[in-house]
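Trainee: Handing you this structure, nothing more for now.
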Amino acid sequence: KQILDAAGVRGGLIVHIGCKDGKLIATLAAGGRFVVQGLSENPGTVAAARQQVRSAAKYGQVSVAVFDGEHLPYVEELVNLLVSQDLGKVPMDEVMRVLAPNGVAYVKKNGKWSKTTKPRPKEIDDWTHYLYDGRGTAVSDDLLAGHPRGLRWTGGPYWARSHEHTASMNAMVSAAGRVFYVMDEGPTDSIQLPGENFLTARDAFNGVVLWKRPLRDWCNALYPLKSGPGWLPRRLVAMGDRVYLAPGVGQDLLCLDAATGKVIRKYAGTAGTFELIVSDGVIFAAVDPEGKAVDYRQQHPNCWKERDRASRRWGWKRDMPARVVKAIQAESGKLLWKHKTPAAPMTLAADGKRVCFYDGSAVVALDRSTGKELWQADVADMRLIGTGYAGPRLILCKDRVVFSPMGSIFAISIETGKVLWSVKGKPRSGHLSLEDFYVLGDRIWVLQRGNQGAFTTYSLADGKKLAEYRNPIKSFYIHQRCHPGRATRKYLLPPIMGTTVYDMENDKWFNNHWVRGGCIYGMMPANGMIYATPHACACYYQSKLNGFNAVAPKPQPAEAPPADKRLVKGPAYGKCGEPVEYPASAWPAFRHDNARSGYVRTDVPAEVGRAWEKKIGTKLSQPVVAGGKLLVSAIDEHTIYALDAESGKEIWHFIAGGRVDSPPTIHAGMAIFGCANGYVYALRADDGKLAWKFQAAPNDRKLISYGQAESVWPLSGSVLIQDGKLYCVAGRSMFLDGGLRMVILNPRTGELIWENVMDGKVPGTKKSLPDLMMGKHMPVAQPDILSSDGRWVYMKSQTFTMDGKRLRVRPQRPDTQYDQEVHLFSPITFLDDSWHQRTYWIYGRAAGEGWAEFQLPPKRVPCGRIMCIDEKNAYAYARDLELLCNTSVSEYRLYSAGKHPTRKVGIPRLEGKWVKGKYPTDRKNLLAGHTVDWKQLAKQPKDKLSALDYNWINEEPEIMAKAMVLANDRLFVAGPRDVVDEKKMWGRSNEDSFRQKMQEQAQWLKGKHGGLMQVFSKKDGKKLTQHKLDCLPAFDGLIAASGRLYMVTTDGKVVCFGK
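Note that the sequence shown covers residues 379 to 1437 in our numbering.
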């Protein structure tokens, strides 16, 4: 506490150089607002400190790492507080490199403590309002934010909740080194489940969560797609150490302490505020005193019809009961004045003298001190502003007000209200979102919907059209993303299929289709970075970033040292015994084998009792079992546990240098795994002693990932060992920080056999990966757990030769599902447990990506949320086929089908007009045409919805299959009870019975009622028995080995079932 008080740091990342006492750094994490990492040059000291932190039950949030004593293992501007009693060989320049702006170095030298604060660079800027500032400019003064080349931090949620309903990320701003946002973090399993809205504060430079505040009645989560309401982001503002929030229906405006989230004051009489800005210490709030909660419920299964209906029904109308603009002194809460007016959304703006807005026919200016009207400028009549369009643009700049409703521009004298000039036929932008419209210097920049997102410019002085700036990079384009772009003084950031960067000074364009923001809000340039918010988009989803990401223009150096410098030999090196061939009844690797089949050749009786239980108490990976031992990773605690498979007693544990997200592979007397610190570890399976570790990452640089320090180039825990070679992939994206590295090692010795660096370029050419785009498909660029069929190695749908080279780089069409290279894969990752609406596993060759196409593979090859594959058949828990595309209903079936369908069906073309299938050509093999009306699809014959050869189908499973294993002739399925038929409940969201049922389902999903395990005959799907479970299984957390079942639970237990 003395250190924290002296440094004055109130949250974020703390680094302690010269750490010797794990208990000391554990105390620094008190309060939950800090992530702490200790550094030492001595591996023995690190090992002892790790055990001390572990004993304090803090490991993960607090960790200890080895470093070289000279170079700090962090990306630039990451650390909020660096503490050291002796910097040793670490130069102060290196300390300042890793300190975040306004970060503190608290260092002891010559017996005295000194405090050094890193100044905030003048080149970076805040983003305090939805449209940057109170003047509505949407243009930042940040000179660094722009190109996304290096990742600074990443966090969750991994997905927004739904593409078909209200976007999850509703508002975001940044001030004083913090980011604040409002997001629905409710379950992604189904949008029908209750929403969970939070106002969250993160450190802007490392993403550490500082505080969260739940919000009730923020908005209706079921409001339909692409219909907003587009003005939701205008309910949040941050200025310095204050946050201003309109929290929900019937609730007054709040002023919060930015550091803690505590309420400083409420502003009486402001319930119903739908927009606010803050200017020079005054809050200007647009208030609807009679505002009520949107009582939307679905009426038509066609989501587009619902979009149009809702946008009109709840849009802004000029003849609504009059709204009020209020001016309130921010610090005292005193009401300065109020003005009755039907102020239109997105138009409230203020400068040092006046407040302006649009009232449906005129732009109005009020004296900001008194509220008296200064002038009115008649412009355009608008009686309705739909909730999807969001509203016209109004910008205060220089000596004029620039107003742009729909296809027009008006320039108005800011002093007199005289219309100086107007333009008709202005290009439109926005895809059911706010338009991209900027004033930069003496020009107005207007984005076009067509022409690959070209810009048209007009003279601010007289409105004359000046020029058109077109992107010369030709690529697939359907529409801009469903959110507005942003701008800085240096770059325009239009949302063209991703995030395009236009360098105005050098007239250069850069397409980045692999990174985007969520619908409605989009992205935010601030603090020298671009903040990419969670989305629900299926375009390019084998290549695009997911989650919440802060990307910077500078990548980390990615040149690796010589191989011998990357290999560390441990005390068990060469002493792990002779290779052992494990029996077919063992489970030595993730999902049993290299094909990741989830199928084991062992008999497990249907009636099984609990043999033993071991509580570890934290998030666990799937286990592996071989040689009498069960190995499991305590993921967030960086710890591998070895338990006796017969009794559950702990044999040993090993603390690694970072998260291990999936289980080790048991091979040749060793437990071998990848780690989030960028290393591959090999432990002697008998006692957990280190045999070797190899640095797969090119160097030791860390960032913050989901609240912990991780390498810029992490690895999945489960490595692939095939034919005497170990395969793994380090990195997060081919487009960031030098890309991904496919590393092939000798598993016995840890020696490097070969390494393939895969970046954003097409190998052997000057082309970039996006040059090979095919519609909404891009070359695979994101990593996952590898698999193999013995002939090829696979990463998602990407095929590699056995020497680690890509067989082809160009993406595959979704009609190339048959014949060779068929394998089980996830287009996202095997470890994604979110059950996002547009994702599933595939037993085939290619993913269907983008709108409409993501629903194609399940109709042609076996697909499901979770699957098992045996010699002939696939077993899957999968969404009903009529519910795949653009529906909000989630209902499932359990089925078995031949894994190689005899009926092979093509797909419509990827681009242009939809056409009938091309493979084969006979009409009897065609499937039903595409539609978003699930009720119409449900009327189709079954053979028009699927080409699979079904063995059996359980149309109404009683259980939601979160875990599943196939053991010889029995299929074991575990998960929460399915208590809601969403097809029957559809359209009843306003009813109490709906809310009660959905709340009950949410409780089951959270494990409040335990779970169920059911056993089925794999031959005919007959249910053999059912078991009640005390706890829910973790996703894919059920395995079988040697006649027993082993399950890991969501509350951190390992449970053995057997006799």
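From the three backbone atoms N, C-alpha and C, an ideal C-beta is built for every residue, glycine too. Note that this is a predicted model, so its numbers are computed, not measured.
If we ignore side chains and look at the alpha-carbon of each, how far apart do ARG848 and LYS604 end up?
Mentor: 27 Å
Trainee: Classify LEU450 as buried or exposed, calling it buried when 16 or more other Cβ atoms lie within 10 Å of its own Cβ.
Mentor: buried
Trainee: Check the C-beta distance from ALA1069 over to TYR951 and give it rounded, since I have them as a contact under 8 Å.
Mentor: 5 Å
Trainee: Measuring alpha carbon to alpha carbon, tell me which of HIS1278, GLU1334, LEU1262, THR1280 ends up nearest LEU1315.
Mentor: LEU1262
Trainee: Who does LYS590 pair with in a DSSP beta bridge?
Mentor: THR578
Trainee: If you measure between the beta carbons of VAL1442 and TYR1253, is that distance less than 7 Å?
Mentor: An answer regarding residue 1442 cannot be provided, because it is not within the stretch 379 to 1437 covered by the chain.
Trainee: With GLN1000 and SER1040 assumed to form a contact (beta carbons below 8 Å), what rounded beta-carbon distance in angstroms separates them?
Mentor: About 7 Å separates the beta carbons of GLN1000 and SER1040, which is inside the 8 Å limit, making them a contact pair.
Trainee: Go to PHE1372, then tell me how far its beta strand (DSSP E) extends in each direction, as first and last residue.
Mentor: Segment 1370 to 1383 is the alpha helix (DSSP H) holding PHE1372; no beta strand (DSSP E) there.
Trainee: Tell me whether the beta-carbon of ASN598 lies closer than 7 Å to the beta-carbon of TYR674.
Mentor: yes
Trainee: If you check the beta carbons only, do LEU1390 and ILE1337 fall under 7 Å apart?
Mentor: Their beta carbons are under 7 Å apart, which means LEU1390 touches ILE1337 by this criterion.
Trainee: ILE822: which of LYS1145, VAL1135, PHE1350, LEU838 sits nearest, CA to CA?
Mentor: LEU838
Trainee: Can you tell me the Cα-Cα spacing of TYR855 and GLY1153, whole angstroms?
Mentor: 8 Å
Trainee: Below 8 Å on the Cβ atoms is my contact criterion, and I expect ARG432 with ILE1033 to pass it. Report the Cβ-Cβ distance as a whole number of Å.
Mentor: 6 Å
Trainee: Does the separation of the CB atoms of HIS543 and LEU600 fall below 7 Å?
Mentor: yes
Trainee: If you measure between the beta carbons of ALA1225 and PRO1205, is that distance less than 7 Å?
Mentor: yes
Trainee: Touching or not, the stretch 508 to 525 and the stretch 1091 to 1099, by the rule of three or more beta carbon pairs under 8 Å?
Mentor: no
Trainee: Over the uninterrupted alpha helix (DSSP H) stretch that includes SER689, give me the two end residues.
Mentor: Start and end: 681 to 691.
Trainee: What is the DSSP secondary structure of GLY1276, reduced to helix, strand or coil?
Mentor: strand
Trainee: Do MET1363 and MET902 have their CB atoms nearer than 7 Å?
Mentor: no
Trainee: Roughly how many angstroms separate the alpha carbons of LEU1304 and PRO1192, rounded to a whole number?
Mentor: 15 Å
Trainee: Quick check on this structure: which residue in LEU762, ILE763, THR765, ASP737 has the alpha carbon closest to the alpha carbon of ALA755?
Mentor: Checked all of LEU762, ILE763, THR765, ASP737; the closest Cα to ALA755 is ASP737.
Trainee: Enumerate in chain order the residues of its own chain whose CB-to-CB distance from LEU459 is below 6 Å, with the five nearest sequence positions on each side excluded.
Mentor: Here the set comprises ALA385, VAL387, ILE392, VAL482.
Trainee: My guess is that LEU1419 and ALA671 are in contact by the Cβ rule of under 8 Å, so how many angstroms apart are they, rounded?
Mentor: Note on residue identity: the sequence assigns Ala, not Leu, to residue 1419. Their Cβ separation, rounded to whole angstroms, is 52 Å, which puts ALA1419 and ALA671 out of contact at 8 Å.
Trainee: Does the stretch 804 to 814 come within contact of the stretch 824 to 831, defined as at least 3 CB pairs closer than 8 Å?
Mentor: Segments in contact, yes.
Trainee: I'd like the list of long-range same chain contacts for LYS683, defined as Cβ closer than 7 Å, with 5 residues on each side in sequence excluded.
Mentor: none
Trainee: Taking the alpha helix (DSSP H) that ALA472 falls in, what are its first and last residues?
Mentor: Note that residue 472 is Glu in the sequence shown here, rather than Ala. 470 to 476 is the span of the alpha helix (DSSP H), which, as asked, contains GLU472.
Trainee: In this structure, does DSSP put SER1212 in helix, strand or coil?
Mentor: coil
Trainee: Note the first and the last residue of the continuous alpha helix (DSSP H) segment covering ARG432.
Mentor: Unbroken alpha helix (DSSP H) run through ARG432: 421 to 433.
Trainee: Does the stretch 756 to 768 touch the stretch 494 to 503, meaning 3 or more C-beta pairs lie closer than 8 Å?
Mentor: Verdict: no, contact absent.
Trainee: What's the call for GLY1295, buried or exposed, on a 16-neighbour Cβ count within 10 Å?
Mentor: Because the pLDDT at GLY1295 is just 37, under 50, the model does not fix this residue reliably, and the point stays unresolved.
Trainee: Report the rounded CA-to-CA distance for PHE1232 versus GLN1318, giving the unit in angstroms.
Mentor: 20 Å
Trainee: Report the partner residues of CYS1246 according to the DSSP bridge assignment.
Mentor: TYR1253
Trainee: According to DSSP, is ASP1014 part of a helix, a strand, or is it coil?
Mentor: helix
Trainee: Using the three-state DSSP reduction, which class does GLY1005 fall into: helix, strand or coil?
Mentor: Three-state result, GLY1005: coil.
Trainee: Hey, how far is the Cα of TRP694 from the Cα of VAL1351?
Mentor: 50 Å
Trainee: For ALA936, does the three-state DSSP call read helix, strand or coil?
Mentor: coil
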